[in-house]
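Data block below; observations after.
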Amino acid sequence: DAVMQAQGLYSRVKDKKIIFGGRKYWNKLIKNEICNDEWKFKRDNQIYARGDKTKKGNPNIRLLNKNGNFYLRVTIGNRKFDEYKLFIPAKFEEELFSLFGSDNPYNVRLLWKDKQHFRVVIDFEIEAPQQIIDFSNGVIGIDINPDRVAISNVSYDGNLIKSFTTKNNRMFFASTNKRNYEIGCTIKEIINYAINSHKGIVFENLKFKKEFENQGRRFNRTKSNFVWKKLVILLERKCIENGIQYKKVNPAFTSVIGKFKYQKM
173 DAVMQAQGLY SRVKDKKIIF GGRKYWNKLI KNEICNDEWK FKRDNQIYAR
223 GDKTKKGNPN IRLLNKNGNF YLRVTIGNRK FDEYKLFIPA KFEEELFSLF
273 GSDNPYNVRL LWKDKQHFRV VIDFEIEAPQ QIIDFSNGVI GIDINPDRVA
323 ISNVSYDGNL IKSFTTKNNR MFFASTNKRN YEIGCTIKEI INYAINSHKG
373 IVFENLKFKK EFENQGRRFN RTKSNFVWKK LVILLERKCI ENGIQYKKVN
423 PAFTSVIGKF KYQKM
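This note's numbering applies: residue 173 is where the sequence shown begins, and numbers increase by one.
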């Protein structure tokens, strides 16, 4: 929620200066490349309403279900509301229907796209399903490189069964929306492979010690790659959703260890 996001932001920036709206557009404003109205649009383009369990959802921006159609009720004053119809992709409808029957709190973020359209982001907590796939049959190892993702199938006694790579340039170099789509497709492929193999997944940990930061250009490039971080975060989430046991390991020296173990194969 908002508190966790604020704590995460503070831990990342600490003493650094923060510019709401982004440094990029602030510099453009200084150079008169954009007008003041454009700057305000970038700076004030979202509203966040935190959910409340005691109010059975969200007291300020509430979801409504009217005959199968979803609406957003926004509080604009004392007992005054405006309602707006929502377009919900079919893949999210089932989740929203289950949310209505649970009375669980949910957070709503409105992102201003243009004068007539808003993007609505709804987040809520879900219970992790029971873990049904563990490491008893072996593991699926994932190595995320700057230009590809390597997948290894390892037996329960640590011997390599199969290894292959999936290369997708759009995942690393396309526009944001296309990149997110390709990341989702790659993670889906990994999850399906783990389910079919009935094995848990091992992948790189986002948080590793400072002494391993300077391990060469390739390692540093991978570490700083934003796509790498999104892949790891989404992979962890999908493991939880699908009941797959996972383990995060320090990525330093994993290539060297693999080379010594499997170089004769």
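For glycine and all other residues, C-beta sits at the position ideal for the given N, C-alpha and C.
Since the structure is predicted, the reported quantities are computational estimates derived from the model, not experimental observations.
- If you draw a straight line from the Cα of G229 to the Cα of K334, it comes to about 47 Å.
- I323: member of the beta strand (DSSP E) spanning V321 to S327, first to last residue.
- The bridge partners DSSP lists for N341 come to none.
- Residue pairing of D224 in beta bridges, as defined by DSSP: G229.
- Here A178 is exposed: its Cβ has fewer than 16 other Cβ atoms, across all protein chains shown, within 10 Å.
- Proximity to F307 across T358, I359, N377 and G330 peaks at G330, based on C-alpha coordinates.
- In the DSSP assignment, Y256 falls within the unbroken beta strand (DSSP E) covering K252 to K257.
- Taking the CA atoms as reference points, L258 sits about 45 Å from G310.
- T337 sits exposed, since fewer than 16 C-beta atoms from the chains shown fall within 10 Å of its C-beta.
- Across the structure, L244 and V326 are spaced so that their CA atoms are roughly 48 Å apart.
- Beta-bridge partners of V175 (DSSP): none assigned.
- In the three-state reduction of the DSSP assignment, G273 falls in the coil class, being assigned neither a helical nor a strand state.
- Rounded to whole angstroms, G415 and F242 show a C-alpha spacing of 30 Å.
- Using a C-beta cut-off of 8 Å, the segment 349-360 makes no contact with the segment 416-425, since fewer than three inter-stretch Cβ pairs fall below that distance.
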